[in-house]
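Just so we're aligned: the sequence shown equals residues 491 to 1234 in this note's numbering.
Glycine included, every Cβ here is placed at the ideal spot set by N, Cα and C.
Take a look at the structure set out below.
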Amino acid sequence: MFFKGINHSMKVSVEVIAGRNKGQVLDLMQSPPNNMPYILCEDDVLVFRVQTSEERPNLHLNLHETFIPFFQKSELCKDQPYYEYICEPKKIKNSWRYQALFHNFCGIAELIITDYLDLGFDNFEIKNAQYLHPIEILARKINADRISAMLDFLGRNDGSDLAALARMTRKYSGFQEGDKTITYTLDSVERYILSLEDLLPKITQHPIVKLVQVNRLNSYKDSSQLTEDSINHLINTTEDIYEVLDEEDSLFSIDDRYFAVDKVLETEIVEECDLYENEVLHGFIHILIQSLGQITKGLQQKCTKDERRDISGYESLFNKIDKFKEKLNRPVIERCNHFISRLFFLKRLLVNRINVKKPYLREPIFTHKAKHNLYYRQVFLMMIEWMRFGKPDWSLQNQLNSIENLPKLFEYYLFCLVKEHVLNYSLQFREALAETLLDGSSYDRFVFKLSEEVKAELLYEPNIYTSDRNSLNAKDRVLASYRNTEAWNRKKDSNDAHVDKNIPNRSFQLRQNSENAKKRLYRRSPDIVLRMYTSNHESLLMLDAKYMTSEKAFHEAMRDCMIKYLHGIHFAATGENKTIGLMIVNPDEQDVTHHFHHDEYTIFGSMPVTPCVMTASIDISKAHHLGSTIQRNIFRIMEMMVEKVSNVGLGEMKTNVHELYKTKENFISQSQDEMLSEHKEIKYHEIELRKPKINEKKVKKSSPIVKQSLTVGPLFKKNPTSIKNEQPSHIDLLKKLKHRGRNN
């Protein structure tokens, strides 16, 4: 959304009237001395004041699409040459305290002062916007613990789930496919290094060379071959000629006098290595070292340039993310450094054996010699592959850097949490998921194959439009068969041309779908959509992440989302509502679900109704465990979805659900681990987590299949130590060279 700047003078300040920073006043039109964001705590109670030379009755404070109105406190007068507007906090019901604007918010708050005109449901007009200096909001301990738990969960399997989510959001945003994850890139580098460590010793024994004539000063012997260049050299260096007495010791004679020299210039035929083919060898090594250095530098980049001011009892979201990135990236950096040391050894080998003046640093072109030399051809092919496809994808790092507030982090966490439970439900019926896409080649979406007939896919923020023409491109329409069917807004003006004149009540107007309309006015984008389908039927589950209290999530967010998602999204071809349910998810200390319907009509009742509506208040510390409220909800709703789309179901269960939620795989964050007693037995919903019995035959049979599943291995496959022990050392390579030299 673009805003038109304002030119008239304005002053905006915020005063902390209660909380940790009580008494502090910030001028939001001026930058702090260090050019860093101002820092406040999430439970600070704030009063905003605006002084402007023009009257602005529609003045609002905008925070992430939330508009808070100002009211006029004073008018223009002789003693006060400006209008003053104030935005005060609301009083908490049945309490003497006031509401904190940034309650349950953590991260960067981007504030805008604007004139806001409400044109109806989800339709408004913005004028005269003024961006204020950003404020960083520090989290209370409860939210800081939640941040740690969410980041640690996202870091499982070395962040593979978050990396896949980053690829999905990147693809939905219109980026073209082709770049690979950093792990995929490093796997390619490792493959190149292994090949080079085998090929280069062979190449150095028989390199591609050319024969050239070289003039060299050699000691004179009877067998020395003199040429015209030799004679010219003698003429130009007469000071090196001396007279001898014996004819046998002389080189030439003049008037019966004998002369000799110690050295003569001889022309020799030698092998020259400074060729294009060898420049490519040096260039490939140079490019790999340079690329690994750039990857290391990128992984070491922090969200914060400087250390932020700490406030006792509060923590910064960005400091938490920096620590998480450091922990996540440490194995990759060590792996890069190990690869660099091996490449430097290969570089020294080339410099000593096949030296060139400069390396070739562009995509190589095959020459006749390189094409017909097996070893050179393999190096050329590797370098061409790297130059075309070796650029690493920074989606994961950019995704972490893009997390500017706690609600966005909660969205990412919820998506990966839902994926975990959907995966485990699917694995009950199949030993492997044949359509998982976590090999670095494609990250369109998470696809699950529950049976030969039933499939499911998990989508993050898919766009659902009112019509095809509103879609930006094909990749932007991941649910192209569905439409946003909501039609009406409150009208702007009684004389508006779009108002239906035949309707007596003129407080309505048709939603506009023109190409110039704001995108958010004609699309819906639920946070998470689970789509289950067969060739003839399909069903949707909508989930929306709300980082707010359970009461607000149930009484406000749930009703708003019911209108938008349950009653506003339909199958385009038939108008049918394919949505089986809506689940609002919010964090809470109590792990419980609040259903919209009476007990007998809930998903666990005797007569479950659809679409089902509920608010799942999850305890982040155990939401990924078997028996958590969201796990039970997802499993039950997926059962209902299977009944909707298939007449035969999923067949017999092949794996016990307890084995899927193994104790060693169940995650406990470091912050929780410190609070747990060594002798405390952990139970959730009276389901004891048992250690599964190990069946050796089953393990051997299923081990290769696990590589195809959605939880495909760790993001960083091998640590540098294990790689180093498996690969030949530098000493082994030297022995290999010496052995080849003796044989030759």
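Buried or exposed by the 16-neighbour rule on C-beta atoms within 10 Å, applied to residue i
{"i": "K1054", "result": "buried"}
{"i": "W586", "result": "exposed"}
{"i": "V1082", "result": "exposed"}
{"i": "F900", "result": "buried"}
{"i": "Q520", "result": "exposed"}
{"i": "K1228", "result": "Bear in mind that a pLDDT of 44 at K1228, under 50, signals an unreliable position, so the number given afterwards is only what the model happens to contain. Exposed: under 16 other Cβ atoms inside 10 Å."}
{"i": "H858", "result": "exposed"}
{"i": "L1131", "result": "A quick correction: the sequence has Met, not Leu, at residue 1131. Label assigned to M1131: buried."}
{"i": "D1050", "result": "exposed"}
{"i": "L896", "result": "buried"}
{"i": "Q620", "result": "buried"}
{"i": "V1135", "result": "buried"}
DSSP three-state assignment for residue i, whether helix, strand or coil
{"i": "T556", "result": "strand"}
{"i": "M1097", "result": "coil"}
{"i": "G1071", "result": "strand"}
{"i": "G788", "result": "helix"}
{"i": "H1085", "result": "strand"}
{"i": "N705", "result": "strand"}
{"i": "V841", "result": "helix"}
{"i": "C531", "result": "strand"}
{"i": "I616", "result": "strand"}
{"i": "I954", "result": "strand"}
{"i": "I867", "result": "The amino acid occupying residue 867 in the given sequence is Arg; Ile does not appear at that position. R867 falls in the helix class under three-state DSSP."}
{"i": "A1063", "result": "coil"}
{"i": "N809", "result": "helix"}
{"i": "R852", "result": "coil"}
{"i": "P897", "result": "helix"}
{"i": "V989", "result": "Low confidence applies here, because V989 scores a pLDDT of 45, under 50, leaving its location unreliable; read the following figure in that light. Note: V989 maps to coil in three-state DSSP."}
{"i": "Q562", "result": "strand"}
{"i": "P1077", "result": "strand"}
{"i": "M1104", "result": "strand"}
{"i": "I823", "result": "helix"}
{"i": "D517", "result": "strand"}
{"i": "S902", "result": "The displayed chain sequence assigns Tyr, not Ser, to residue 902. If DSSP states are grouped into helix, strand and coil, Y902 belongs with the helices."}
{"i": "G1141", "result": "coil"}
Beta-carbon proximity of residue i to residue j, cut-off 9 Å
{"i": "Q791", "j": "T757", "result": "no"}
{"i": "V968", "j": "L949", "result": "yes"}
{"i": "P1098", "j": "Y1091", "result": "yes"}
{"i": "I1124", "j": "V822", "result": "no"}
{"i": "L628", "j": "E805", "result": "yes"}
{"i": "P952", "j": "S1015", "result": "yes"}
{"i": "Y866", "j": "V770", "result": "yes"}
{"i": "L940", "j": "M1022", "result": "yes"}
{"i": "I602", "j": "L553", "result": "yes"}
{"i": "A1106", "j": "I1120", "result": "yes"}
{"i": "I693", "j": "I844", "result": "yes"}
{"i": "F557", "j": "V540", "result": "no"}
{"i": "I1070", "j": "I1127", "result": "yes"}
{"i": "L907", "j": "A1113", "result": "yes"}
{"i": "D736", "j": "D752", "result": "no"}
Extent of the continuous alpha helix (DSSP H) to which residue i belongs
{"i": "I1124", "result": "1119-1135"}
{"i": "K631", "result": "631-644"}
{"i": "A860", "result": "858-861"}
{"i": "I683", "result": "672-695"}
{"i": "E756", "result": "Per DSSP, E756 belongs to no alpha helix (DSSP H); it is in the beta strand (DSSP E), 753-762."}
{"i": "E574", "result": "First-last for E574: 573-577, but that is the beta strand (DSSP E), not the alpha helix (DSSP H)."}
{"i": "Y721", "result": "What sits at residue 721 in the sequence shown is Ile, not Tyr. From DSSP, the alpha helix (DSSP H) with I721 extends over 718-726."}
{"i": "L1150", "result": "1147-1150"}
Nearest-angstrom beta carbon gap, residue j and residue i [assumed within contact, 8 Å]
{"i": "M1073", "j": "M1104", "result": "6 Å"}
{"i": "E600", "j": "P624", "result": "5 Å"}
{"i": "D605", "j": "K617", "result": "4 Å"}
{"i": "Y903", "j": "F643", "result": "6 Å"}
{"i": "S543", "j": "Y575", "result": "With a Cβ gap of about 12 Å, S543 and Y575 do not count as contacting."}
{"i": "S720", "j": "L755", "result": "5 Å"}
Where the beta strand (DSSP E) containing residue i begins and where it ends
{"i": "K501", "result": "500-508"}
{"i": "H1057", "result": "Careful: H1057 lies outside any beta strand (DSSP E) and carries neither H nor E."}
{"i": "N1048", "result": "Note that residue 1048 corresponds to Met in the displayed sequence, not to Asn. M1048 -> not in any beta strand (DSSP E); alpha helix (DSSP H) instead, spanning 1048-1051."}
{"i": "S1029", "result": "1028-1035"}
{"i": "V973", "result": "The sequence shown places Arg at residue 973, rather than the Val named in the question. R973 -> beta strand (DSSP E) spans 972-974."}
{"i": "G880", "result": "Per DSSP, G880 belongs to no beta strand (DSSP E) and is neither H nor E."}
Any non-hydrogen atom of the ligand HEM closer than 8 Å to residue i Cβ
{"i": "T757", "result": "Here there are no bound small molecules, and the ligand HEM is not part of this structure."}
Closer than 9 Å to chain B by CB, residue i
{"i": "S564", "result": "Among the chains in the structure shown there is no chain B, since it carries only a single protein chain."}
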